[in-house]
Structures are given as structure tokens and as C-alpha cells.
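All residue numbers for the sequence shown refer to my numbering, where the first residue is 881 and numbers rise by one. The C-beta atom is built at its ideal place from N, Cα and C for all residues, glycine as well. As the structure is a prediction and not an experimental result, all values here were calculated from the model. Beneath this line is the structure, given in C-alpha cells, with notes to follow.
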Amino acid sequence: MSKTYDEKSFEEAIENSLLKEPPVESLYGQKAKQTAFVSGGFSSRRPDEYEKELCMIPSDLLQFIYATQPKEWEKYQKAAGNKAKDSLLQRIKNAVDDYGTLYILRKGIKSLGSHFKLAFFKPVTGMNESLQELYRANIFSVVRQLKYSMKSENSLDIAVFLNGLPVFTAELKNHLTGQTVEDAMCQYKKDRDPVEPLLRFGRCLAHFAVDPELVYMTTELKKDATRFLPFNRGDGTGAGNPPSGYNKYATSYLWEEVWSRDGILDLIQNFIQVIDILDEDGRPTGKKAMIFPRYHQLDAVHRLVEDSKASGTGNSYLVQHSAGSGKSFTIAWLAYHLSNLHVDDRRLFDSVIVVTDRRVLDRQLQNTIGQFEDVKGKLENIDKTSRQLREALENGRDIIVTT
């Protein structure tokens, strides 16, 4: 990637990386390192292909459904008549309004007797080729200068879509033209109204402030109260990112790894969570939060999973986290990944046991892991006797938390 020094060229370089043809082996499911996400394979869409009121790219969404679920579409057409397209798009828009994009991408929607999936995730084994084909059929697209607003001509530098539904937005700045990531964060706080349909909580999964050296992200825009977190790789034992190589941006990992096709689907399937905000007594407050991993958490989980696949069981590892850097979530994500890990189409671990030496952390982990959507019914909290632990192991509980 040739290094360029103005905002428009920076934007263009990111788009070109997303649009390039990925290697054939990345598209056709041949074995590769889990951490080696491959960029490319996106399509470019014009801003006018985005429908503001629906908050989607209708042509992408319909194309995905026609290609992957023709029988369900045929059934829906018979029930909905000549307004089938419009009614389905409106049904999906309403479902996202009610439940959020994350839930809809994972669970799909039901309407008039039909059940539509809105994304297909990577199968845990390679035994079913039809599932691999559905996974490859996901449509990823990027829009530059997306005019999203219902009341102005404001535009976002970059928006990333999965099967027509928005997942990420980004504001880009370049310090060599006098602006930095700080200006991008300020732009989100001052000029991006969270009342706008696209920017409401739960619609997009994350918003990124990016310059050639640093990345920050948030899952919820709240004007001046917006809280951005660093999304950087770290530079040795310090913050930030390592210096970039020749013709490379220090932040290129964002669009080359995190925004890769595999990377986005991995985030949606295995990492991002909407959880209840609890009070001091562990009771729901009625408020929600979207949890998006920071880069060091993604990196730690991916490295451990990859090494477990290569080396098998019986090894010891140390994950170092500073205070307040999200160790409870890293432990929870790792437990979840290991409980689903397959090698040569066979499950590697019968049970994953999380052992803590502090009851406060124990409660935090129970609350954290217990709210993970796909863990419900698979988690056992051991808070009484060793007999309870033995029974949990004998019953094959996927994840067991104990002190």
C-alpha cells in the first residue's frame, strides 16, 4: 500500500485494500492460521445505493437472500404478493430497530411463515461443504462519504456493510494535514447526532476514529459523553502502535485484519455482546451496553486459540493485563472460544474450567460469561461443594466457573 498524505488519499488507500481480490485459499476454506485474517473481497457501493430511512443497502440484502435462501424467498413471495420486497425490507428494518443489528445478524428474522438468516457464520468443522458455501456467500461492501443524515448533507468517511446492513463507521484524519485521531473523536462527539437512525445505539456495532498512527473506537455515540477507547496494538511495553514499515500505515491492521471478511464475522459470532448493566447487587438496571473487544483482547484470545489448535492440550500460558484493561472479558471470551474449539473436526476440550482465587472476580466472571448469548444453558457456577464440581464435569458442562 503506497503511503499518502491527505485525508482523501488515506480513505482511498483503505478502500483499495478492502476491494482487492483475496487469495483463493482464503475464499475456499483451506486451513490457515486463525490469526491470519486476509483482507479484501469487498465490493464498492455508491452513497446513493444506501437507503437512509431503512438504514441499509437494499440491493445487497436482497441479493444475499436470493442467493442463499431461494426456497424461503419463494415461500415469502407467495405470502406477501407483489409487495414482497418492500415488506421484507421494512420487516428487517423494524426488527433491527427493536432488537439491534447484532441480534438480527445472529438470529435472523421470521415473517409470514418464512425464516431468513441475515448472515452465515464459519462452521466449527469443515465436514459440511454446503455450510462452507453459505459462509462464502456473505456480501461485504464499503461506502465512502456516506450521506447518512435525515436532516443534512453530513457524510461519514467510511461505512462498512455486511449483507446490506451497516456494521462499522469510521472518521479518518491525517496529522500531516493538521488533524489527528483527536479531531476524528471530536467530530463524532460534536457533529454526529446519535438521534440519526444510522447512529442510534445498536444499529452500528462500532464507530472508529482513525489516523495513520492511532485508532480509537466506541460502541455508543452520546455527544460529549461519548467514551472512546484505544484500539491499538501497543508498542513494546507502551501504548500506541509500532512504527509502520515502508509504504505501510501503522493502523493498517484495522482494515487488513479486523475489517477482513473473516475478522468481521468472527467479531459478530464470537466476541461482540450486548449485556445488561448491573447494579452493585448484580441486578439489571434496565440499561444495556455493547461490549466490543479491544485489540489486545482480540490478540490474546486468537493467539491462545491458535496455539491450542497447533499444540493440543496440556500447555501453560500467561496473559498479562494491566488494571482496568478488561481481564474478566478476556477470560470470558477465551473460555467461550475454547469450549467451541475443534481440531480435525473433533472437539478439543470436553469442559473449560475457570478457576479464580477471589470471590469478587468469581461473581464478575459468572455475570460476564453468563450474559454471553450463546453460553446460556452451557454454564455451571460452582459456589457450594466439590460434589457440585464433580457433577458438572460428569454432566459435560461446557464452561464451569469456580473459586
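Query: Put HIS995 into one of helix, strand or coil per three-state DSSP.; Result: strand
Query: Report yes if the C-beta distance between ASN1043 and ARG1141 is below 9 Å; otherwise report no.; Result: no
Query: Report all residues from its chain with a CB closer than 6 Å to the CB of SER919; omit the five preceding and five following residues, and keep chain order.; Result: SER897, GLU1136 and SER1140
Query: Assuming GLY993 and LYS955 form a contact by the criterion Cβ under 8 Å, report the distance between their Cβ atoms to the nearest whole angstrom.; Result: 7 Å
Query: Pair every Cβ in the stretch 1031-1050 with every Cβ in the stretch 1084-1102, then say whether three or more of these pairs are closer than 8 Å.; Result: yes
Query: Let me check understanding here. Comparing Cα to Cα, which of LEU1078, ILE1144, CYS935 and GLU933 lies closest to LYS1002?; Result: ILE1144
Query: Run through the DSSP bridge pairs and tell me what MET1170 is partnered with.; Result: VAL1154
Query: Does the Cβ-Cβ distance between ALA1169 and THR1210 come in under 9 Å?; Result: no
Query: Can you tell which of VAL1040, GLY980 and LEU1078 has the C-alpha that lies nearest to the C-alpha of GLU933?; Result: LEU1078
Query: If you draw a straight line from the alpha carbon of GLN1221 to that of ILE1152, how long is it in whole angstroms?; Result: Before going further, note that residue 1221 is Leu rather than Gln in the sequence given. Their backbone Cα atoms lie some 18 Å apart in a straight line.
Query: Would you give the residue range spanned by the alpha helix (DSSP H) that ILE894 belongs to?; Result: 887-899
Query: In the DSSP assignment, find the alpha helix (DSSP H) that holds GLN1025 and state where it starts and stops.; Result: Careful: GLN1025 lies outside any alpha helix (DSSP H), inside the beta strand (DSSP E) at 1020-1027.
Query: Count the other C-beta atoms from every protein chain shown that fall within 10 angstroms of the C-beta of GLN1200, then say buried if there are 16 or more, exposed otherwise.; Result: exposed
Query: Could you tell me the boundaries of the alpha helix (DSSP H) in which TYR946 lies?; Result: 938-948
Query: Comparing alpha-carbon positions, which option in GLN1012, GLN970, LYS1258 and THR1193 lies nearest ARG1277?; Result: LYS1258
Query: Pull up the CB-CB distance for ARG1174 and GLY1206, whole angstroms please, since I reckon it's below 8 Å.; Result: 6 Å
Query: Are the stretch 1214-1234 and the stretch 1180-1190 in contact at 8 Å, needing three or more beta carbon pairs?; Result: yes
Query: In or out: VAL1223 buried (at least 16 other Cβ within 10 Å) or exposed?; Result: exposed
Query: Between the C-alpha atoms of ASP1104 and TYR983, what's the straight-line distance to the nearest angstrom?; Result: 27 Å
Query: Could you tell me if GLY921 is buried or exposed, where buried requires 16 or more neighbouring beta carbons within 10 angstroms of its beta carbon?; Result: buried
Query: Put CYS935 into one of helix, strand or coil per three-state DSSP.; Result: coil
Query: Measure the alpha-carbon distance for HIS1182 versus GLY1006 and round it to whole angstroms.; Result: 19 Å
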